[in-house]
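Taking it in order: structure first as C-alpha cells, then the write-up.
Protein chains in written order, with the numbering used here: chain A, 1 to 426; chain B, 1 to 290.
Here you go:
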C-alpha cells in the first residue's frame, strides 16, 4: 500500500473542512440526508428514481446518494473508520447483513425499535429479520436477499433420467455417472467456492448444517461438535480427491465458478441467485438448461439449507436528522422501494416475500418463485457481533483442511483454540 | 556566530518549519498514536479500551500465524527483489545493445510498471486461471492450480510482482547506462578487454550505486506488499500468502481489534525500519568508497 502524497492529503483536508462548514449552515434550514450505498448494477440505476420519489413525498428533505467502493472489505473498512471516528458525514447506510450485530454492539447504529416494530418486519424472510435484529432490538431494515442454492444442468440430468439430488452423496453418484457417460474431460462434477475468503465460510457452514452441526451454537460455543465438523470438511476435501470437484476450487470464488458453470463445464454449481440472470442471458451457452434446487443435505445428517446474505439499511447513530433518516430507511425497505430492485437486469432480490409472486417481477425474473421457496427455509450465518472475528479466524483453517496442509481435525482444533483466546475478552 | 549568521540560521529554520510541521503532523503523530494503540486492548465492538502494556507483543511472539506472516513476508521480499534486480539488469543491458525499436521497447517496459497493482492482480487472476489461463496453456495444457495450491501460490504471487516491478529496475539501470561515456568502452576495447571483462570491471561497478538505490526501494516496497495477495489469494490457501500487512489489515479493519492490529503494524514497521537502516548504512559506505 502506498501512502497518498502530501498535496493530495492537504486537498482532502481542505475539502473536509469545507464540507464541515456547509453542514453547519444547513442545520437550521432544510434537511439534507446522505445515503451511503454500494453501486447497484443494471441497465438503469433504481436508486436515483427512488430517492427523487422520497423527496417529493417529504418536502424540505433532500437526499444525496454517495456510492461506496466496490469490494465488501473496502466498504467495511470505510464504515469502521468513519463510524469509529464518530464523524456524522452520512445518515443512512447500506450494510452487509453480517455487519449488523457488530455495528449495533459497537454503538454505531441507531436503535430502530421505536419506529420499526416486529409486525412491520413480518413480511420479510425470517432469515433476513433474524439478521436485522440483535439483543431483541431492531437495528436494520432488510433490503435485499441472498441465498445459497444448487444449480444443476437440467438437460444433463434429464438425459440420464435423474432428478435433482437431495443429498451430497446422491450428487456425487450423479456427477460420476454423468461424467462417465458423457466422456467429456472438460466437464466437471460440482463447483463451489473454496478460496480462503468469506464465500468459503458460507460453503462450509452449509456443510456443517447438513452434517447436523454448526459453526457457532445458539448458546455461544464455537464449533460445538468437532467430530461432525471434521467429517464435513473431510467430505469437502473428498470431493476434490474423488475428482468430482476440480482441484482449482481451492482458489475458486463466486465469479470463477459461475463462469465455468456458465460455459457449460460443470454439472452442478453451488452459488447465489445473481448467477441465474447471467445463465439466462441471450448469449449464454447454458441458457434454458439450468435448474435450481436446494443445497443438498447429508445421508444420516440433516436436510440441506442455504446460508443467507444480502444488504440491510441502517441509520448512523450520530445523525442529526433521525426522523428523516428513519423515514428514508422505511421507504426504501417498503414494498414500493423493494419493487425497484426487481426490475429487469437488476440482479438484487428483495427481502419481502410477497414480491416473489408479483407478476411484473416474475416476468422479469421467471425463477423468482423458486428462489422464494429456498429463501424461506434458509438460515443466516451466525448472528453475533463477533461474526467477522470468527470468520476471518476460521478461513485459513478451513482452507488448510481443503488443501491438505492440516487434517480437518487439527485445523478445527487450531481454529477453536484461537477463537477461544480471541473471544475470552467478551 | 556573527549576527548575520544568526539571522541566516533563523531564516533557514523559518523556511524549513512548514515542512517539519507537515511531516510531524502527517507521519510522527499517527505513528505515535499507533504505538500507543498497540499497548491497549481496544475493541469497539466489545466496548473495551484498556491499557495492557506489552501483552499483544507477548502473544505475537508465540503466535504461529504471526511467524508464518513474517516468514511469508521475508520469502516474498528476498525472492521477488532478487529476481527483479537480475531480470531488470538483464533487460537494461539488452536495451543498451538494441539498435532498432528501442523507444517501443522502453514504452512496453513502462506499461507493466504503470498499471495499478489491483489491475495487475486481476490480470494475473486470468493468466493463472486453472483451465483457461495463459500460463497453463503455455506450460503445455497443464492444469496447475496456481492460486489454490499451497506450494504454488506464493511463487505465483512473486512472479506477478516481478513482472510488475522489474521494469522499474530496468529503467533505472538503463538511465545510468546511457550516461556512461562511449570512450570508456572504447578504451577497454583498446586494452583488449573481452565482453565479460567489460561487464564485470566497467558496467557493473558503474551501475552499483543505482543498483543499491533500486534494491533499497524495491525491498521496502516488497516488505509492505499488500494489494497483490489481498486481491489474488486473500492470504490463502491455508495462509501461505498472508504477509504481515495482510495480517495487520485483517485484525485492524476486519475484526476491529484496533490494539492487536496496531501491534502487528508496529512489528511490521520495525522490520521495515531495520532493513532500511541496514541499507542506508551500506549506501553511505558505498558513497564513501565511490
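Yeah, the Cβ is synthetic: ideal placement off N, Cα and C, and Gly gets one too. Given the structure is predicted, the values throughout are model-derived calculations rather than measurements.
Please list, in chain order, all residues of the same chain as residue 200 of chain A whose beta carbon is under 7 Å from its beta carbon, the five residues on each side excluded.
193, 194, 395, 398, 399
For residue 269 of chain A, name the three-state secondary structure that DSSP assigns.
strand
Please confirm if the segment 145-160 of chain B is in contact with the segment 199-212 of chain B, defined as three or more CB-CB distances below 8 Å between the two stretches.
With a cut-off of 8 Å, the segment 199-212 of chain B and the segment 145-160 of chain B do not count as touching, because too few Cβ pairs lie within range.
Is any beta-carbon of chain B found at less than 8 Å from that of residue 274 of chain A?
no
Taking Cβ positions only, does residue 432 of chain A come closer than 8 Å to chain B?
Summary: the structure shown does not reach residue 432 of chain A, with chain A confined to residues 1 through 426, and so no result is reported for it.
Any beta carbon of chain A sitting closer than 8 Å to that of residue 213 of chain B?
no
Give me the subset of the segment 31-50 of chain B whose CB atoms are less than 8 Å from a CB atom of chain A, sorted by chain position.
41, 43, 44, 45, 46, 47, 48
Pick from B:156, B:140, B:117: whose alpha carbon is nearest that of residue 128 of chain B?
If we check each option's Cα against that of residue 128 of chain B, B:156 comes out closest.
Find the residues of chain B that neighbour residue 429 of chain A, judging by a C-beta separation of less than 7 Å, and give them in chain order.
Residue coverage of chain A in this structure runs from 1 to 426, which leaves residue 429 of chain A outside it and unanswerable.
Nearest-angstrom Cβ-Cβ length linking residue 385 of chain A and residue 48 of chain B, presumed shorter than 8 Å:
That pair is no contact at about 12 Å.
If we count Cβ pairs, one from each stretch, closer than 8 Å, do we get three or more for the segment 271-291 of chain A versus the segment 118-129 of chain A?
Remark: fewer than three beta-carbon pairs, one from each stretch, lie closer than 8 Å, so the segment 271-291 of chain A and the segment 118-129 of chain A are not flagged as touching.
Since residue 273 of chain A contacts residue 147 of chain A with CB under 8 Å, what's their CB separation in whole angstroms?
7 Å
Provide the residue(s) that pair with residue 134 of chain A in DSSP beta bridges, ordered along the chain.
A:137
Beta-carbon proximity list for residue 223 of chain B, same chain, < 7 Å, skipping 5 on both sides
Counting only Cβ-Cβ distances below 7 Å, and skipping sequence neighbours, we find 73, 77, 271, 272, 275.
Is residue 70 of chain A helix, strand or coil when you go by DSSP?
coil
Residues of its chain near residue 430 of chain A, where Cβ-Cβ distance is below 6 Å and the 5 sequence neighbours each way are ignored
Absent from the model: residue 430 of chain A. The displayed extent of chain A is 1 to 426, so no value can be given.
Please compile the residues from chain A whose C-beta is within a distance smaller than 7 Å of the C-beta of residue 287 of chain B.
Ordered by position in chain A, no residue passes the 7 Å Cβ test against residue 287 of chain B, which lies about 27 Å from the chain.
Residue 237 of chain B touches chain A at which residues, Cβ-Cβ below 9 Å?
194, 195, 196, 250, 251, 396, 399, 400, 402, 403, 405
Counting only C-beta atoms, is residue 148 of chain B closer than 8 Å to chain A at any point?
yes
Rounded to whole angstroms, what's the CA-CA distance from residue 316 of chain A to residue 112 of chain A? Just pull it up for me.
11 Å
Which partner residues does residue 247 of chain B have in the DSSP bridge list?
Bridge partners of residue 247 of chain B: none, in fact.
Does residue 76 of chain A have its Cβ less than 8 Å from a Cβ in chain B?
yes
Can residue 328 of chain A and residue 103 of chain A be called in contact, C-beta distance under 8 Å?
No. Outside cutoff.
Given that residue 234 of chain B touches chain A, what residues does it touch there, using C-beta distances under 7 Å?
195, 196, 197, listed in chain order.
Boundaries (first-last residue) of the beta strand (DSSP E) holding residue 94 of chain A:
First-last of the beta strand (DSSP E) with residue 94 of chain A: 92-96.
Look up residue 380 of chain A in the DSSP assignment and give the residues it is bridged to.
According to DSSP, which records beta bridges pairwise, residue 380 of chain A is partnered with A:308.
Whose Cβ in chain A lies nearer than 7 Å to the Cβ of residue 250 of chain B?
By Cβ distance, chain A contributes 392.
By the criterion of Cβ-Cβ separation under 8 Å, what are the contact partners of residue 130 of chain B in chain A?
For residue 130 of chain B, the neighbours in chain A by C-beta distance under 8 Å run, in chain order, 246, 247, 248, 251.
Hey, does residue 380 of chain A have any beta-carbon neighbour from chain B nearer than 8 Å?
no
Measuring alpha carbon to alpha carbon, tell me which residue in A:417, A:32, A:413 is nearest residue 230 of chain A.
Comparing Cα-Cα distances from residue 230 of chain A to each of A:417, A:32, A:413, the minimum goes to A:413.
Check residue 143 of chain A in the structure and name its three-state DSSP category.
Residue state, collapsed to three classes: strand.
Quick one: is residue 258 of chain A buried, meaning 16 or more other Cβ sit within 10 Å of its Cβ, or exposed?
Under this definition residue 258 of chain A is a buried residue.
Can you give the Cα-Cα distance for residue 160 of chain B and residue 124 of chain B, rounded to whole angstroms?
7 Å
Report yes if the CB atom of residue 41 of chain B is closer than 8 Å to the CB atom of residue 425 of chain A, and no otherwise.
yes
If you check the beta carbons only, do residue 84 of chain B and residue 200 of chain B fall under 8 Å apart?
No, Cβ-Cβ distance for residue 84 of chain B and residue 200 of chain B is not below 8 Å.
Would you verify that the beta carbon of residue 343 of chain A is, or is not, closer than 8 Å to some beta carbon of chain B?
no
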